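Step one of this worksheet: look at the structure below.
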Amino acid sequence: MNHVTPPTYPNGKSGAHALRPEVESFYHLPHGGFAGKVCQGTACFAARHFNPARWAEGAKNNPRVYCLGECFAAPAKGQTHPRPPVRVCSKEGIVLGRIAQGGARTLAAYQKHGGYQALAQALTGTPEQVLAAVEKSNLRGRGGAGFPTGRKWRAVASQPAGTKYVVANADEGDAGAYIDRYLIEDDPHRLIEGMILAGFAVGATKGYIYLRIEYPQAGAILEAALAEARAAGWIGAKVGGTKFSFELEVYTGHGSYVCGEETSLLRSIEGKRPEVMARPPYPTERGLFDRPTLLNNVETLVNIPWIVTHGGDAYNAIGFSKSRGTKALSLNSLFNRPGLYEVEFGVTVRHIVEELGGGLRGGGTLKGVIIGGPIIGVIPPHLLDTPLGFEELAAIGAGVGHGGVVAFDQHTSIPDLVEHVFSFGAYESCGKCTPCRSGSGRVEEIFANAIAGDATKADLQECRDLVTALKLASLCGHGTGLARFAESILRYYPTEVEPCFK
Ligand SMILES: Cc1cc2nc3c(=O)[nH]c(=O)nc-3n(C[C@H](O)[C@H](O)[C@H](O)COP(=O)(O)O)c2cc1C
Ligand code: SF4
């Protein structure tokens, strides 16, 4: 296997902002430019009737701004709102426990609550012990696909010794999700500790945190936390006084939803045009700079210190069916009680909507819920008793996704929702596959015509054909996710869709 040396950018820092023109044109926000703008994400779309003037202001954005992580105060303008309420509804509070108690932004605050003790403990043992604990925990990736984390870690650890990387996916592009944002802003050292533990377990010596540009406060807090961790000897040469060395830096994205997809994300860090790549090879074998790479979502990594401290069996004892542990959820502003919640897998969607969220604001009638969307199936009201679990939600065409919970009410017409989601899909397509590049824009156009009363049954059939093409011929989850969304609409809301086509 070739070893490609990471490029050094003009400021002498690998992974810094130095975009070649052909790369820059891929991104929507290569130079920022979203400050003070109204968000156009799905949570803000669902809440647009609360402030139509603000939503109309956002519709003029160029470039568009999708998801500022303020879905609890939608439609959102800028990141100026007070922090969302945080409630732990599981015994352990593995993910949000510390945040619910006010957070731990500094090293001193983190260490006061046992921070870096999992790492100190792991460093007295072997990487294999950490790996075994993660495998036993049956933790599954929280970035959307639910892939077994232990299996992924084992795959990287099994690669021949040499340069390996750990990457945290903090791109959190799913509109409606603001979990990773607050995990980073209020508990940054836990992500850092999880990443160092991952590096120790798989034999990596360098890590990157790929952070979306739309989270500037998270970036500043992370940089400060990294400096503290370095000064304390947890990052750099001889971590904790041992032979293990680990470097860690933040790479800030440039505004592209598809860069949350793992192959696109890695190419983005490499300074290449970040189109999605076919797999195999998987990043675990040939990832960043062609080296074995462990890529995990922020929430996945945040679970690791708890697993190391309490053991894989203790983690595996929590949860439901094949979905072990707890899940953080972020509820949008349609609920009476929006905010961050940590629940044990197995609670029903009804429990989330009615008990945690307290039903809909203003006495609204629930029309549907999107968990981990928008490129995922919609859950209609008659399926609210489905439990929160990877397989259980997949069985009804939905998913756990990233855990952003977006409810929509009687003010959202289904054709409007389809036009919104496909407009997002077309705007964010990386352009590699024809059904996604051209088909998603065509579905958007057909639904815009249908809303205007100018679409036929033949147009609806064309949409059905395009959805089939998206499902069968998309290289990544962006295209297949759009198909899943459309299939759920056609299956659960035919009485709202079909009459729009004459
Ligand atoms: C279009 C697209 C966008 C994605 N965006 C994210 C994201 O913002 N954050 C994330 O963690 N995973 C995202 N993913 C999933 C990643 O590709 C990858 O599966 C995940 O980060 C792996 O981490 P995990 O195993 O801990 O879940 C996205 C996938 C697709 C197809
Ligand atoms: S499905 Fe869309 S986003 Fe994914 S690789 Fe194809 S064109 Fe790119």
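Under the working numbering, think of the first position of the sequence shown as 46, with each following residue one higher. Glycine residues also receive a C-beta, built at the ideal position from the N, C-alpha and C atoms. The structure displayed is predicted, hence computed values, not measured ones.
* Hey, which unbroken runs of the beta strand (DSSP E) at 3 residues or more fall wholly within the stretch 330 to 374? -> Within the stretch 330 to 374, the complete beta strand (DSSP E) runs of at least 3 residues are 338 to 342.
* Asked: Do three or more CB pairs link the stretch 262 to 281 to the stretch 186 to 194 at distances below 8 Å?
  -> When C-beta atoms of the stretch 262 to 281 are compared with those of the stretch 186 to 194, fewer than three pairs fall below 8 Å, so the two segments do not count as touching.
* Alpha carbon to alpha carbon, how far is residue 182 from residue 353? -> When rounded, the distance between both Cα atoms is 10 Å.
* Option in 335, 386, 492 and 397 with minimal Cα separation from residue 207 -> Residue 335 holds the alpha-carbon nearest to the alpha-carbon of residue 207 among 335, 386, 492 and 397.
* To do: Drop a sphere of 10 angstroms on the beta-carbon of residue 358, count the other beta-carbons inside from all chains shown, and report buried for 16 or more, exposed for fewer.
  => It counts as exposed.
* **Rounded distance between the beta-carbons of residue 230 and residue 266, thought under 8 Å** => Sure, about 5 Å apart at Cβ, within 8 Å.
* Give me the Cα-Cα distance between residue 135 and residue 432, rounded to the nearest whole angstrom. => Rounded to the nearest angstrom, the two C-alpha atoms are 15 Å apart.
* To do: Measure the Cβ-Cβ separation of residue 316 and residue 64 and say whether it is below 9 Å.
  => Closer than 9 Å, so yes.
* Asked: Which partner residues does residue 192 have in the DSSP bridge list?
  -> Residue 192 pairs with nothing; no bridge assigned.
* To do: Note down the Cα distance separating residue 67 from residue 345, rounded to an integer number of angstroms.
  => Here the C-alpha atom of residue 67 lies approximately 33 Å from the C-alpha atom of residue 345.
* Assumed close pair residue 527, residue 485 - CB separation to whole angstroms, cut-off 8 Å -> About 6 Å separates the two Cβ atoms, so the contact holds.
* Reference residue 544; option with closest CA among 482, 458 and 489 -> Comparing Cα-Cα distances from residue 544 to each of 482, 458 and 489, the minimum goes to 458.
* Have a look at residue 47 and residue 332 and give me their C-alpha separation to the nearest angstrom. => With a pLDDT of 43 at residue 47, under the threshold of 50, the modelled position of this residue cannot be trusted; read the value that follows with caution. Looking at the two C-alpha atoms, the distance is approximately 12 Å.
* Can you give the Cα-Cα distance for residue 269 and residue 227, rounded to whole angstroms? -> Cα-Cα distance, rounded: 16 Å.
* **Status (buried if at least 16 other CB within 10 Å, exposed otherwise) for residue 58** => Reliability of the predicted coordinates at residue 58 is poor, the pLDDT of 39 falling under 50, and no value is obtained from them.
* Hey, how far is the Cα of residue 452 from the Cα of residue 529? -> When only Cα atoms are considered, residue 452 and residue 529 end up about 18 Å apart.
* Does the beta carbon of residue 197 fall short of 8 Å from some heavy atom of ligand 1? -> Yes.
* Could you check the C-alpha separation between residue 349 and residue 199 for me, to the nearest Å? => A direct Cα-Cα distance of roughly 15 Å separates residue 349 from residue 199.
* Taking the continuous beta strand (DSSP E) assigned at residue 294, which residues delimit it? -> Residues 292 to 297.
* **Through-space distance from residue 436 to residue 355, alpha-carbon basis** => Answer to the nearest angstrom: the Cα atoms are 26 Å apart.
* Any idea what DSSP makes of residue 209, helix, strand or coil? -> Three-state DSSP puts residue 209 in coil, outside helix and strand.
* To do: Just tell me which of 171, 140, 168 and 304 has its CA closest to the CA of residue 555.
  => Outside the modelled stretch of the chain, which goes from 46 to 547, sits residue 555, for which no answer is possible.
* To do: Output the boundary residues of the alpha helix (DSSP H) element that contains residue 252.
  => For residue 252, there is no enclosing alpha helix (DSSP H); the residue is part of the beta strand (DSSP E) that begins and ends at 251 to 256.
* Neighbourhood of residue 313 by C-beta, 6 Å cutoff - its chain only, sequence neighbours within 5 removed -> So the qualifying residues of the chain are 304 and 319.
* For residue 432, name the three-state secondary structure that DSSP assigns. => Judged by DSSP in its simplified three-state form, residue 432 adopts strand.
* **Contact belief for residue 424 with residue 394 at Cβ below 8 Å, rounded distance in angstroms** => Rounded to whole angstroms, the Cβ separation of residue 424 and residue 394 is 6 Å, and the two are in contact under 8 Å.
* Does the beta-carbon of residue 369 have 16 or more other beta-carbons within 10 angstroms, so that it is buried, or is it exposed? -> The residue in question, residue 369, is buried, as its Cβ has 16 or more Cβ neighbours within 10 Å.
* Around the C-beta of residue 422, are 16 or more other C-beta atoms found within 10 angstroms, so that it is buried, or is it exposed? -> Classification of residue 422: buried, given that the 10 Å Cβ count is 16 or more.
* Asked: Within 8 Å: the Cβ of residue 190 and any heavy atom of ligand 1?
  -> Of the heavy atoms belonging to ligand 1, at least one sits nearer than 8 Å to the Cβ of residue 190.
* Less than 8 Å between the CB atoms is what I'm expecting for residue 511 and residue 480, so what's the real figure, rounded? => In this structure, residue 511 and residue 480 form a Cβ contact; the two beta carbons are roughly 7 Å apart against a cut-off of 8 Å.
* To do: Please classify residue 217: is it buried, with 16 or more other beta-carbons within 10 angstroms of its beta-carbon, or exposed?
  => Buried: at least 16 other Cβ atoms inside 10 Å.
* Going along the chain, which residues of its own chain have a beta-carbon closer than 8 Å to the beta-carbon of residue 536, five neighbours each way excluded? -> Excluding residues within five positions, the ones whose Cβ falls inside 8 Å are 442.
* To do: Taking only heavy atoms of ligand 1 into account, decide whether any of them is closer than 8 Å to the Cβ of residue 338.
  => Shortest gap from the CB of residue 338 to any heavy atom of ligand 1: 8 Å or more.
* Does at least one heavy atom of ligand 1 sit under 8 Å from the Cβ of residue 241? -> Not under cutoff, so the answer is no.
* Is residue 513 near ligand 2, going by C-beta to nearest heavy atom under 8 Å? -> Checking the Cβ of residue 513 against ligand 2 gives no.
* To do: Starting from residue 453, trace the beta strand (DSSP E) both ways and give me its first and last residue.
  => Run containing residue 453: 449 to 454, per the beta strand (DSSP E) assignment.
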